[in-house]
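Student: Input: one structure, supplied below.
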């Protein structure tokens with residue numbers, strides 16, 4: 005409580021993406037379009053899966069949850085970034101900064117766990133298909149989704165607690181366009197070495213452990229495909245390649261940012277833009293462009309709506 009009572013900073017100031025206001029104005033339009041497409045693309049996937057009975061399977065149940073998480077994840081940071089691109093002075097209150105930090109880690113961690121669950125789902129479906137209806141029944145799927153939200157909440161609470169317990173007496177300038185743990189704790193009026201180690205250990209352990217589990221799962225799947233028919237291999241490779249593309253696009257930036265010591269690089273903002281702005285848009289594109297079942301379901305829903 006002593007640390008909390010010493011808090012004097014009431015707001016933080018973002019430096020934004022660049023100090024060139026002309027570039028910021030130019031960035032506003034493409035980032036706005038990207039955000040709108042992210043919301044529409046992921047919302048279409050959720051609606052398609054919910055209203056298409058043939059897609060009521062564990063794989064698409066998890067995919068709809070992934071699209072929902074992507075909508076939430078991008079909405080935590082992008083609206084504030086777009087606002088900042090139009091303002092000369094970009095500020096956020098201390099309370100809102102902590103809230104943004106909490107939800108950023110909640111949705112990011114939930115996505116990490118969900119991608120791991122989706123890899124396990126593909127492993128069961130391809131490697132032990134006879135047991136798939138039993139192992140991945142809907143009750144188990146719901147329990148797994150509940151577990152990932154509980155795990156994400158615990159992780160986010162830990163990150164938030166480690167951040168908020170520090171005293172902030174100034175300066176209050178964050179070299180970023182959103183509140184995240186690494187840039188915020190740098191502003192604390194105390195030695196943050198131990199806190200930084202705890203934060204990196206927490207985030208790094210989750211990111212690396214899940215990534216290694218994913219790589220192991222897909223490696224086992226690839227070896228098992230030798231026993232499949234040519235058509236089975238083609239379908240499995242198409243599905244798994246889509247999953248692995250999403251994994252690489254999301255885990256790469258996360259591991260780069262959250263598994264290293266308390267250091268910063270000039271490329272950090274570019275990497276942050278990629279996983280907070282670009283990746284949530286790429287997920288629906290990857291899954292729809294490479295998935296005939298989803299595309300057919302979309303066409304069916306569109307035709308049904310036109311006929312009605």
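In our numbering, the protein residues as written are 5 to 312. C-beta atoms are modelled at their ideal positions from N, C-alpha and C, and glycine is treated no differently.
#1: For residue 247, does the count of other Cβ atoms within 10 angstroms reach 16, so buried, or fall short, so exposed?
#2: Could you tell me the distance, in whole angstroms, from the CA atom of residue 96 to the CA atom of residue 53?
#3: Check each candidate in 199, 17, 205 and 115 and name the one with the smallest Cα separation from residue 101.
#4: Quick test of the definition: if touching needs 3 or more C-beta pairs under 8 Å, does the region 65–77 touch the region 43–57?
#5: To the nearest angstrom, how far is it from the Cα of residue 203 to the Cα of residue 280?
#6: Would you mind working out which of 86, 110 and 245 sits nearest residue 152, comparing C-alpha positions?
#7: Within the same chain, show all residues whose beta-carbon is closer than 8 Å to that of residue 302, passing over the 5 residues directly before and after it, in chain order.
#8: Just to confirm the assignment: which complete alpha helix (DSSP H) runs, minimum length 4, are found wholly within the region 244–277?
#9: Going by beta-carbon coordinates alone, are residue 317 and residue 237 separated by less than 7 Å?
#10: State the CB to CB distance for the pair residue 124 and residue 207, rounded to an integer number of angstroms; the pair is presumed to be in contact (CB under 8 Å).
#11: Enumerate in chain order the residues of its own chain whose CB-to-CB distance from residue 106 is below 6 Å, with the five nearest sequence positions on each side excluded.
#12: Are the region 133–142 and the region 162–182 touching by the rule of at least three beta carbon pairs closer than 8 Å?
#13: Drop a sphere of 10 angstroms on the beta-carbon of residue 12, count the other beta-carbons inside from all chains shown, and report buried for 16 or more, exposed for fewer.
#14: Rounded to whole angstroms, what is the Cα-Cα separation between residue 305 and residue 94?
#15: Going by Cα to Cα distance, which pick from 224, 216 and 119 is closest to residue 251?
#16: Using only the alpha-carbon positions, how far apart do residue 217 and residue 26 sit?
#17: Going straight from the alpha carbon of residue 276 to that of residue 78, what length do you get?
#18: Between which two residues does the beta strand (DSSP E) holding residue 317 run?
#19: Who are the Cβ neighbours of residue 187 in its own chain at under 8 Å, not counting the five residues just before and after it?
#20: What are the complete beta strand (DSSP E) segments, minimum 3 residues, inside the region 185–217?
#21: Contact check, residue 91 vs residue 39 under 8 Å by CB: the rounded distance?
#22: Leaving out five residues on either side along the sequence, give the residues of the same chain with a beta carbon under 7 Å from the beta carbon of residue 136.
#23: Going by DSSP, which residues form a beta bridge with residue 15?
#24: Just mark residue 3 as buried or exposed, buried being the case when its beta carbon has 16 or more other beta carbons within 10 Å.
#25: Does residue 178 come out as helix, strand or coil in the three-state DSSP assignment?
#26: Where does residue 60 fall in DSSP's three states?
#27: Do you know offhand how far residue 166's Cα is from residue 199's?
#28: Measure the C-alpha to C-alpha separation of residue 226 and residue 295 and round it to an integer number of angstroms.
#29: Helix or strand or just coil, what does DSSP make of residue 124?
#30: Measuring alpha carbon to alpha carbon, tell me which residue in 83, 263, 253 and 274 is nearest residue 3.
#31: Can you give me the start and stop residues for the alpha helix (DSSP H) that residue 44 sits inside?
#32: Starting from residue 136, trace the alpha helix (DSSP H) both ways and give me its first and last residue.
#33: Between 71, 215 and 162, which has its C-alpha nearest residue 45's C-alpha?
Tutor: Taking the structure as given:
#1: That one is buried.
#2: If you take the alpha carbons of residue 96 and residue 53, they lie about 37 Å apart.
#3: Checking every option, the nearest Cα to that of residue 101 belongs to 17.
#4: Touching, per the Cβ criterion.
#5: About 20 Å.
#6: Of the candidates 86, 110 and 245, the one whose C-alpha sits nearest the C-alpha of residue 152 is 110.
#7: Here the set comprises 48, 52 and 292.
#8: Taken in chain order, the whole alpha helix (DSSP H) runs of length 4 or more contained in the region 244–277 are 272–277.
#9: Past the edges of the chain, shown from 5 to 312, lies residue 317, and the structure says nothing about it.
#10: Separation of the CB atoms of residue 124 and residue 207 is rounded to 22 Å, and the pair is thereby denied contact status at 8 Å.
#11: Once the five neighbours on either side are set aside, the close Cβ partners of residue 106 are 160 and 164.
#12: The region 133–142 makes no contact with the region 162–182: fewer than 3 CB pairs, one atom from each, lie closer than 8 Å.
#13: By the neighbour-count criterion, in which a residue is buried when 16 or more other Cβ atoms sit within 10 angstroms of its Cβ, residue 12 is exposed.
#14: Taking the CA atoms as reference points, residue 305 sits about 43 Å from residue 94.
#15: Closest option to residue 251, Cα to Cα, is 119.
#16: Cα-Cα distance, rounded: 44 Å.
#17: If I take the Cα positions, the gap works out to 11 Å.
#18: Because residue 317 is not part of the residues shown, which for the chain are 5 to 312, the question remains open.
#19: Excluding residues within five positions, the ones whose Cβ falls inside 8 Å are 178, 179, 180 and 268.
#20: Counting only unbroken stretches of 3 or more residues, no beta strand (DSSP E) element lies wholly within the region 185–217.
#21: Contact flag wrong, Cβ pair sits at about 17 Å.
#22: Taken in chain order, the residues that qualify are 128 and 129.
#23: According to DSSP, residue 15 bridges with 97.
#24: Summary: the structure shown does not reach residue 3, with the chain confined to residues 5 through 312, and so no result is reported for it.
#25: Reduced to three states, the DSSP call for residue 178 is strand.
#26: Coil at residue 60, not helix or strand.
#27: Each residue's alpha carbon lies about 7 Å from the other.
#28: C-alpha separation (whole angstroms): 19 Å.
#29: It is helical.
#30: The question about residue 3 has no answer here: the residues shown for the chain are numbered 5 through 312.
#31: Segment 25–54, the alpha helix (DSSP H) holding residue 44.
#32: From DSSP, the alpha helix (DSSP H) with residue 136 extends over 136–139.
#33: It is 71 whose Cα lies nearest to the Cα of residue 45.
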